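The opening residue of the sequence shown carries number 1269 in the working numbering; numbering runs sequentially from there. Presented below is the structure to which this report refers.
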Amino acid sequence: MTAAERSVTFDQAADYYDRTRALPNATVRAMVDLLRGELAGRGRALESGVGTGRIALPLYRAGARMAGVDLSAPMLQRLAYNAGGTAPFPVAVADATRLPFAEDTFGAGIACHVLHLVADWKLATDELVRVVQPGGVLLVDPGGGWPDEHAELTTRFQQEANAQAALPGVGAGADRMLTGLGRAADLDAAMAARGARLRLLPTVANPSTKPLSAVIGEMEEGQRSWNWQLPSTDLRRAGAAVRAWAQQRWGDLDAGRELVGEIQWRAYDLPG
Ligand SMILES: C[S@@+](CC[C@H](N)C(=O)[O-])C[C@H]1O[C@@H](n2cnc3c(N)ncnc32)[C@H](O)[C@@H]1O
């Protein structure tokens, strides 16, 4: 089975990823401050699953020395486009579970919203540990961080669309139920077994003013990796049902409301 079949690549999301996953400017600033502090005084940082550079580009602009790999060439092309035409730091199409670098090449490793997409997520973290120098740090955001209301809408949508049959969308054919990282606690345990020390970094506020109707619309349009395998008829039916349910619960779904989310980064200090 190929790496792409054991992971969820984002080729099909390259055109809408930034629009649908954008973070508020203040959130980006706070996150960059936090991560810059962690990266200061270390060698170049490698982001596995760097995507469009949503995290890596602001870090680079703030002075961090960066590199990135991703399975998806279209996502890396979008990163270059976002940077004005050329990636401003080394990037490569590569599999996080088979990094094309010698051991101890980097001072830090970053994995943001990627390990849940990789069936062999332990291998992906092994690889980051291998290419990061002893005494370095792995910085991981395992996912989430959106407002509770968005999470509720997602759960409801998944129920209505009977998404269980397709979740988590990793793998192909009989192996499509292969799962990536599910719980951060599993990552903590795997890293502890490697002698790494966990630090939970201060949370970063991630408010959202996106109308709830837009959140439902993105799921209806099939713009979440967990629903790429679902037929559009199921998505439309689920969207209509969730809209009716959500109107009862929250009223006008087009209303502007500021909802509260929180991003929690985990730092794993590698043994020296
Ligand atoms: C949800 S996006 C996150 C992108 C970026 N880290 C961010 O936070 O915006 C996940 C990215 O991981 C990539 N990816 C998935 N499996 C991968 C693997 N095994 N190796 C490298 N990249 C992978 C996808 O192609 C996609 O670009």
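Just so you know, even glycine gets a beta-carbon here, dropped at the ideal spot from N, CA and C. Since this is a predicted model, take the numbers as computed values, not measurements.
Within the stretch 1383-1427, the complete alpha helix (DSSP H) runs of at least 4 residues fall at 1389-1399. If you look at L1325, you'll find it in the alpha helix (DSSP H) that goes A1324 to R1329. Less than 9 Å separates the beta-carbon of G1448 from that of S1275. By DSSP's assignment, F1357 forms no beta bridge with any residue. Residue nearest to T1422 within the set A1335, V1408, S1481 and G1463 is S1481 (criterion: CA-CA distance). By alpha-carbon distance to L1302, the top candidate from L1538, P1539 and Q1532 is Q1532. Excluding the 5 residues flanking it on each side, P1415 has same chain C-beta neighbours closer than 7 Å at S1476, L1527, V1528 and G1529, in chain order.
DSSP, reduced to helix, strand and coil, places S1340 outside both helices and strands of the structure shown, so it counts as coil. Excluding sequence positions up to five before and after A1360, its CB lies within less than 7 Å of the CB of V1337 and P1368, all in the same chain and listed in chain order.
In this structure, the straight-line span from the alpha carbon of L1455 to that of V1405 is close to 14 Å. Per DSSP, the beta bridge partners of D1537 are V1405 and R1465. Residue pairing by DSSP places G1319 opposite no residue, since no beta bridge is assigned to it. For N1350 against G1413, the beta-carbon gap comes to about 21 Å, at or over 8 Å, which does not count as contact.
In this structure, DSSP gives M1269 a state outside helix and strand, which the three-state scheme calls coil. A Cβ-Cβ distance of about 6 Å is found for the pair A1335 and R1312, placing them in contact under the 8 Å criterion.
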